[in-house]
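See below for the structure under consideration.
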Amino acid sequence: MIRFEPREYVSTRRVIGAPVFAALIALALAAIPIWSAGADIATAYVLMVNGAIGSVFAISELLARATPLILTGLAAAVAFRAKLWNIGGEGQLYAGALAAVAVGSGSLALPSYALIPAVLVAGALAGAAVMLVPTLLKVKLGADEVVTTLLLNFVILLIVQMMLEGPMQDPMGMGWPQSEPVLEEAMLPQLIARMRVHAGLIVALLAAVFAAILMRRTVWGFEIRAVGANPSAARHAGIPVTATFVRVGLLSGAFAGLAGVGEVAGLKGYLTADLSPGFGYAGIVVAMLAGLSPLGVVIAAIFVAGVFVGADSMSRALGVSSYLADLVVAMSLLCVLISGLFVRYHVRIGGSRATD
Amino acid sequence: MASRAKQVANGIIGGPMSDAPAEQAAVLKLAGITKRFGALLANHAINLDLYPGEIVALLGENGAGKTTLMNILFGHYVADEGTVQIATPGGELRPLAQGSPQAALKAGIGMVHQHFTLAENLTGIDNILLGTRSLFSPFASKRSARARLEKIMRDSGLTVDLDTRVSRLSVGEQQRIEILKALYRDARVLVLDEPTAVLTPQESENLFQTLRSLADEGLSIVFISHKMAEVLSASDRVAVLRHGELVADLPTKACDRNMLADIMVGRHLEPEARMEVDKGPPLLKLSGISTGHGRDALHNVSLEVHGGEILGLAGVSGNGQGALARIISGLELPRSGSMEIDGRRLKPAPRTVMREGLVRIPEDRHRDGIVGEMTVAENLVIEDVRSKAFQSFGFLDFSAIEERAEEAIEAYDIRCPGGGAVARLLSGGNIQKIILARTLDKEPKVVLAAQPTRGLDIGATEDVHRRLFEARARGAAILLISEDLDELFQMSGRIAVIHRGKVSPPREAAGLNRSQVGLMMAGQESEDAT
Amino acid sequence: AVAQEEKLKVAAIYTVPVEQQWVSRIHKALNAAQQHGDISYTFSENVANTDYERVMREYAEGGMDLIVGEAFAVERAARNVAKEYPDTAFLMGSSFGPAKPNFAVFDNWIHEPSYLTGMIAGKATKSNVIGMVGGYAIPEVSRLMNAFMEGAREVNPDVKFLVTFINSWYDPPKAKEAAFAMIDKGADILYAERFGVSDAAKEKGILAIGNVIDTASDYPGTILSSALWHMEPTIDKVIEDVSSGNFEPADYGPYSYMAHGGGSFVVDESLADADALKAAREKEQEILDGLFRVNVNDEEPKSTL
Amino acid sequence: MIEILDILVNPNFWAAAIRIATPLIFGVLGALICERSGVLNLGIEGIFTAGAMAGWMAVWLGADLWTGVAVAAAVGGVFGLLHAILTVPFGLSQHVSGIGVTLFATSLSYFAYRTALPDVSSPPRITPFQPLDIEGFSDLPFIGAALFQQTPLTFLALFLVLAVAFILNRTPLGFAIRAVGDNPAAVEAQGLSVFGLRVGAVIVGSALMAIGGAFLTMSAFDAFFFGMVNGRGWICIALVVFASWRPGKALLGALLFGAFDAFQVRLQTEVGAFVPGQVFLMLPYLLSIFALVAAARKADYPRALLKPYFKGQR
Ligand SMILES: Nc1ncnc2c1ncn2[C@@H]1O[C@H](COP(=O)(O)OP(=O)(O)OP(=O)(O)O)[C@@H](O)[C@H]1O
Ligand SMILES: Nc1ncnc2c1ncn2[C@@H]1O[C@H](COP(=O)(O)OP(=O)(O)OP(=O)(O)O)[C@@H](O)[C@H]1O
Ligand SMILES: [Mg+2]
Ligand SMILES: [Mg+2]
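One line per chain: the protein sequences are G, D, L and P, in this order. In terms of my numbering, the first sequence is residues 415 to 770. In terms of my numbering, the second sequence is residues 2 to 531. In terms of my numbering, the third sequence is residues 1085 to 1389. In terms of my numbering, the fourth sequence is residues 56 to 369.
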C-alpha cells in the first residue's frame, strides 16, 4: 500500500527541485518513442534543446507560444482559486479573437495608440461576457459550470464558423472561412524585428503581475480565496459571494479573451476557426502545474511551450512523426503533476503494518 | 497483572482491574500504543484493556488523542508502536492486523464515528449491508438480512425505517443505523466516538439505555464524551487521556465531576461565578417572523433580547433553530415579520446585521465559521477586511492584519503556531476561540451564539462561557441557542423554548426547573410554571 | 547517379494528416520524386495554424531549396516568410496569385474531369437526384462541384442536386451521415467530395462519383467515375525549374489541367452507360484538343431540389 | 413543417439517430460509472481516440472484430488505470489528470499510428461490423428499419444500459460504487476498499469509453482518422450531468443528441439555404445547457465527486 504523509515543512529547494527532476524524467521517458521511431536519442536531445532555446528564433517562438498559454493559464488559475471550474477557456479565447477582429479590421478608424487598446479591451470584454453566462447560471440557477463552460466552447466555435462564413467573411478571401484581416494599426507590435514574439507577451506578463497582486494583496483577492475555500463561511462572514463569483468569472473570461486577441492581432492578423490548437484546455494544465499561482503560471507556460517547441523542432529535424511533440508535452505534464506529490508528502511504500 | 503494576508505576491513577471481575479475561487489549503525526505525539504508550459487558468512557480534552486511539483500534490509522489484541469468540487473545478496518470488523469491532460514515444516497439497510456480502453476487436479496435486522432492532430497541434514504433521516436515526451496522456484524466491541454530540437530551437518554441493555447481553462498549453527566451516569469505568497519555483509569463509582475535570485538564477549574447585570433596553427584537416549511420552519416568532441579558433558547435540534439563526445572521430572508437591532428595523444580510452591531457564532464552526484553508490571521479579520482598519483603496494592510492577529492570539489564548498557521489544523476549541475573538472583540450590541460549545471539552467550554459573560457585562444582548440544559441554566437569565417552529414566551430561569423545560422541548406546555 | 549533396532538398508542410485527399496527392508526388532520386524529401503534417509560420521558417533556415505547402488560411504568414527567404523556392497551394520573388502557387484545377464525371452521373441517375457532400464551400471545392453539376445538366436537364457542406475537412462518420440523409431524400448517385460518402453509397448499394483520388479499388462496384488529380506534373516541373535555376514565382495551376496530365477522368466501364461514356470520351478529347473550355465558377453551389 | 414531419416519421432518420448515439452511449455510461464512484474522468476524449485507434489497429493486423473490441477495451482500461492511479491513491486534481490523460492518450495514439503506418497516402481499411440482420425482426414495419440497420455494437450498448442500471441499482457492487461516490468513509468503515472500488470503476468506465471509440472505426466507419473523435468525449461528460447520473436517462440523452444531429444533417438539405448550418449544430449543445439548468436543482450528484480520499487524513 502507498501512504502519503503530509510534510510539515517544504523546502524551497524541494519546491523547485521536484518539478525540474520530473521534467528530466519525462525527457528520459521521451527516449522510448524517439527510439521506437528509429531516431538517434542523443541527437534528439541536442536538437530539442536547440529547438527550444538554441537561437533567438527559437526563443522567440517559445515565447510566442507561451503568450496565449500564460493568459489561458491565468484564466484557469483565478477561476479555480474561487473553485469556479472554468473549462471554457477555449471558447472565451475565440470570443476574444472574434471581438478583436470585429473592432480591429476596419470598423474603427483610429491611430495605433488608440486602436490597440480598443482591440484589447474588446477582446477582454468578449471573453468576460462569454464567461458571465455560465457564472450566472451557476450562482443563480445552480447549473454545473464544468459542463456549461465545456459546452459553450462548442457553441462559440460554431458561432465563429458562422461569422467566418457569413457576415465576417473576408470578401477578398476567395470563399475561405476566414475573417477580414486586422488593420496594421491594430496589430500588436513585434518585440524583435522579423520574429513572431509580440507585445501580447507584455500584456500577458502584466496580466500575471496584476493577477498576483490582486490575489495576494487586495480585498478582492482575499474574498476570492475565501469564497473558493469555503463559500458558506465566506457568506456567513459577510463576503458578497455572488458578486465575487461574477467578478472572478469576468476576470477569468477576460484573460482568456486577451489570449484570443494576442493570437489574432499579434500573430495571424485574421481569424480562422482553427486559430487555437487547444490553448484553452492547455491553460488548465498550466494553471494546475503552477499550483494556481499567477506568477507560477508564467513559468509553467514557458515550460510547456518550451517542451512543445523543442520537441516539435526536433521531430522535424529527425524526420520523426511530428505527433512526437504532443506526446512529449503530455508525458512532461504527467510527470510534473506527479512530482507535486513528492513536494507535499512523504511517500511511503509498504508501510509499517505491525501484523498481518 | 504485570501490566497493572506497570501502569501504577507509571503514575496512572487507578487501574484497569479496579472493578472488573478478576477471573474474567479481556476481550480487547491495547498495549503500548504510540502514534505520531509529524512532531505531534497523539498517543503515547497507551495500555487499555476492555472486558466483556462493560461500558468504558474515554474522556479527554479536545486533541487529547481519543479519536486517534479508537481509529488505531479500528484500523483507520496504523500505530507507530504497540499492539492491539482481540479475543476470538472462544476467548483467546489474538493480535489484530493493523491498518485494516476489514480485519477489525471481522474480529468483532464495531465503530460509530464522530462524523457518521453513511452513504446518504443509499437506504439504511443498504448501508448496513454494505461490505457484508460478496460484491460480485449478481442479486442482492435482502429478505434474510431484513429478518435478522428486524430481530436485532426488536431486541435492542433501536428501531428505524430501514428503507428510507439516509439523507432523509434525522441525526438520531442515522446514529441508530450506525449502531445497527455494528450489531448486524456481531460486534463484540462497540466504539462510539462522541455519540451524543448531536443528539437531544431525550435521544441521548434513550441511547444510553440501549447501550446498557446491550452491555448486559455481553457487548463491550467504549464511548467518548465531553459531557460529565453522561460519563458519570452511563459508564462502568472511566479512562482519561491527556496530551496523548493515559492519565487515569478508574471505576466510575470512584469519580466525581470535579475530580475528572481536574484530571482531564491537569489543573483545577473554577466554575464561573454568575453575576447579575442590570438589564438594559431591548437590543434585538424579532416580530412575527415566519419562514420555511416542514421541519425547518418558523411560525410567527417574536422575541426581545435586552442589553446585559443572556436569553437562552432551548429546543430539540431541528425545531427551527437553524432557520432562526440563519435569519438573524442575515443568511436568509424571512417570509414575513421583521427584525430590529437597537431600535432600527433592517433587512437582514450578513453585512447589514454586522454593521448594526450584531455578531454571530455559527452552529457549525467548520462549515460556517472558518475558512480552513486560510490562515488564522485571515480568519480573524475575515468579517472586517473591508473596513478601513485593514485595507486602503482595496489593498490589504498586512501589518495591521498581523498586528490584529497577534493581539487576538494573545488575548484569547488561541493555541497555534502563529497567525500564519492554517486554520484547518487547529483543534475545535481553538477554532472557536478565533470566532470568539473576531466577534466579541467588536464590542457588539447583540451576540447570536448558536450551539457555541458543541463538541468542545470542559476547558474550552468554560472559556466560551467566560467570554460570553464578559460580553454581557459590557452590555451586550446575547441570544444563546443550545440543546444543553446545563449550559442554558448556567448561563441564561431568561429561557425560551422552541418547538416545531414556535417559540414560547421567555421566562426567568430562576423560576424554572429542568424538567419543565424538558417537557416544553417535547411540546408539552407546562401551565403551572407561571 | 546524382551525388547526395546535390539532391534538391524539399520540405512539405501540411495542415492536415497526409491521408487527407488533397494533401495525399502532393505527398505522393513528392514521395515519387524522392524515389526517383531527384530530391530528398521531409514533411510535417497536421501542423496547427499557429505553428505554421514557425515550421516554414525552420525549414527555410534549415537550408531547404524548395518548400511546398498550402497557404490556405495562412496566406499572410506564408507570403511574409517567403519574402524573407528569397533564396528558397516556395510552392504553395493558394487561391491567390503568385508573388515575387519566390512565391509560386498551384491548385487542384480538375474542373475538366469533374465536368466529365458529371456527364456520366447525369446519365446514370434514375431518380434524377444527385447528392453532393462537401467539406467547406471554398473555391477549390465549389469550382469542381459546379463543373460536375454543369456536366450532369448538359446530358440531363432534369437532374436535381442536393448539396451539403459538413464544415470539416475530415470527419468521415459525419460525411457518411450527410450522405445517408441524401439517400433518404432520393439521391441515387453521390458526389463524394469527402471521405465517408462512398461508404454510405456502398452500404446502400448505390453509385458514387470519386474526386481527387482514385478509391475504386476500396469500393468495388460503387465508384462509377472519378475526376483524379495528379500532382506529379506540377512537382516535376517545379523541381526541374529549381534545379536548373529557372524557378519563377509563377502560377503552376495549369499543370493540374488534363492537357498536362495533372487531371484525369476515369470510369468504371462495367457500371457506366455506354452512350454516356462515349459522349464523355468525345468531350474529353475536345478538352484535350483545346476545343472546349469548362467554366470556372467559384460560387457556392446550392441544392436545387 | 411537412418536411420536418417527413423527417421524423422516416425510420432511416431514427436509424441515424441511434447510430450517432451509439458511441455516446458507451461514453456516457463509462463516464457515469467513473463519476458514480467519485472520479471525474476528463480523459474520455483521449480514451475514445485510443480505443478507436487500438481496436482498429488490432483488426487491421489480423485480429477478428470482437478481439478488436476487446483490445480497445483493454487499452481504455490501461489509460483508465493511469487516471485512477493519479487521482485515487495519489489524489491529484481530477481535472488536470483527466486533461493530461486526454493529451497523452491522443498523442500516443497518433504517434503509434503514424509510426506503424508511416507511408500511407490513403487510410487503410478493415471490414467493419455489419448490420445485424435478424430474420423476421428486420422486416418489422418501423422498428425493424430503425433498429436492425444497426451493428452488434449498438445492441451491446443498449444491453449495457440495462446492465449498468441493474448493477448500480440492484447489486452489492452497485451499492458499493454509489456509496464510495457519496461518502468514501462509509465504504472504508464497512471494510471495503475505497481505492479498489474507485480504481476498478475508473478502469471499467474507461474500457466502455474506449469501446465507444472503437465503434467509430469498426462500425460507423472502417478506418482510423486523426481527429475523428472530434469532441464526442466532451459531449459525454455533459450528458452525464444531463442524465443526473442515471443510466436510463443517459440513454435518453444520447438518443436525443443523436436525433438532433441526424435532424440537423437532414434539415440542412431542406432549409440550408436560409439558415446557417451551424445554428442546427449548436442546438444540441444549447439544449443540453437548458436541460442542465432545468435539472440542476433536483439532481443528486455524487457528493464525493472530485474529492480525493486519503486514508487516515483529515
Ligand atoms: N490525520 C492527522 N494528521 C495530523 N494530525 C492529526 C491527525 N489526526 C489527529 N491529529 C492530531 O492529533 C491530536 C489528537 O487528535 P484526536 O482527534 O485524537 O483528538 P480527540 O481527543 O479525539 O479530540 P476531540 O475531542 O476534539 O475529538 C490532535 O492534536 C490532532 O490535531
Ligand atoms: N434490474 C433491472 N432490470 C431491468 N431493467 C432495469 C433494472 N434496474 C433498472 N432498470 C431500468 O434501467 C433504466 C435505468 O435505471 P435508472 O438508474 O435510471 O433508474 P432510476 O429509477 O432512475 O433509479 P433510482 O431508483 O435508483 O433512482 C430504467 O429504465 C429502469 O427501468
Ligand atoms: Mg475526537
Ligand atoms: Mg438510479
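For glycine and all other residues, C-beta sits at the position ideal for the given N, C-alpha and C. Note that the coordinates shown come from a computational prediction; the quantities given were computed from them, not determined experimentally.
Reduced DSSP secondary structure (H/G/I, E/B, other) of residue i
i                   : result
Asp-61 of chain P   : helix
Gly-123 of chain P  : helix
Phe-209 of chain D  : helix
Ser-593 of chain G  : strand
Phe-470 of chain D  : helix
Gly-33 of chain D   : strand
Phe-75 of chain D   : helix
Glu-82 of chain D   : strand
Tyr-1125 of chain L : strand
Thr-376 of chain D  : strand
Asp-1382 of chain L : coil
Arg-345 of chain D  : strand
Arg-361 of chain D  : strand
Ala-23 of chain D   : In this predicted model, Ala-23 of chain D has a pLDDT of only 49, less than 50, meaning its place in the structure is not dependable enough to derive any value.
Gln-392 of chain D  : strand
When the options are compared against residue i, the one with the closest alpha-carbon
i                   : options                                       : result
Pro-447 of chain G  : P:Gln-204, P:Ile-99 and P:Tyr-165             : P:Tyr-165
Val-515 of chain G  : G:Val-757, G:Glu-504 and G:Ala-538            : G:Ala-538
Trp-129 of chain P  : P:Leu-322, P:Ala-234, P:Ile-258 and P:Asp-277 : According to the sequence as given, residue 129 of chain P is Ala; it is not Trp. Nearest C-alpha to Ala-129 of chain P: P:Ile-258.
Tyr-1336 of chain L : L:Leu-1200, L:Ala-1117 and L:Met-1176         : L:Met-1176
Thr-142 of chain P  : P:Gln-323, P:Phe-250 and P:Leu-311            : P:Phe-250
Glu-1368 of chain L : L:Gly-1202, L:Ala-1117 and L:Val-1281         : L:Gly-1202
Ala-725 of chain G  : G:Gly-431, G:Ala-440 and G:Phe-418            : G:Ala-440
Trp-771 of chain G  : D:His-307, D:Phe-391 and D:Val-232            : Past the edges of chain G, shown from 415 to 770, lies residue 771 of chain G, and the structure says nothing about it.
Ala-528 of chain G  : G:Ala-704, G:Leu-755, G:Ala-600 and G:Ser-450 : G:Ala-600
Arg-144 of chain D  : D:Pro-349, D:Gly-158 and D:Asp-127            : D:Asp-127
Phe-230 of chain P  : D:Ala-120, D:Lys-254 and D:Gly-158            : D:Ala-120
Arg-301 of chain P  : P:Cys-89, P:Ala-71, P:Leu-60 and P:Ser-248    : P:Cys-89
Nearest-angstrom Cβ-Cβ length linking residue i and residue j, presumed shorter than 8 angstroms
i                  : j                  : result
Pro-66 of chain P  : Ala-201 of chain P : 4 angstroms
Gly-460 of chain D : Gly-429 of chain D : Not confirmed; about 12 angstroms, so no contact.
Gly-135 of chain P : Ala-262 of chain P : 7 angstroms
Gln-322 of chain D : Glu-195 of chain D : In fact, because the Cβ distance is near 20 angstroms, the residues do not count as touching under 8 angstroms.
Identity of the residues DSSP links to residue i by a beta bridge
i                   : result
Phe-1394 of chain L : This structure cannot speak to residue 1394 of chain L, because chain L is shown only from 1085 to 1389.
His-500 of chain D  : D:Lys-503
Trp-1313 of chain L : L:Gly-1347
Lys-107 of chain D  : For Lys-107 of chain D, which the question treats as bridged, DSSP gives no partner whatsoever.
Heavy atom of ligand 5 within 7 angstroms of residue i beta-carbon
i                  : result
Thr-201 of chain D : Inclusion of ligand 5 in the displayed structure is not the case, the ligand content consisting of ligand 1, ligand 2, ligand 3 and ligand 4 alone.
Next item on the list: May I have a chain-ordered list of the alpha helix (DSSP H) segments no shorter than 4 residues that lie completely inside the region 1132-1167 of chain L?
Entry: 1136-1145
Checklist line | Completely contained alpha helix (DSSP H) runs for the region 682-762 of chain G, where each covers 4 or more residues | finding: 693-703, 708-732 and 737-758
Margin query: In chain order, what are the residue ranges of uninterrupted alpha helix (DSSP H) at least 4 long that sit wholly in the region 170-210 of chain D?
Written below: 172-185
Next item on the list: Could you pull out every unbroken alpha helix (DSSP H) segment of at least 4 residues lying fully inside the region 241-321 of chain D, listed in chain order?
Entry: 258-266
Next item on the list: Please go through the region 554-640 of chain G and give each complete beta strand (DSSP E) segment of 3 or more residues, from N-terminal end onward.
Entry: none
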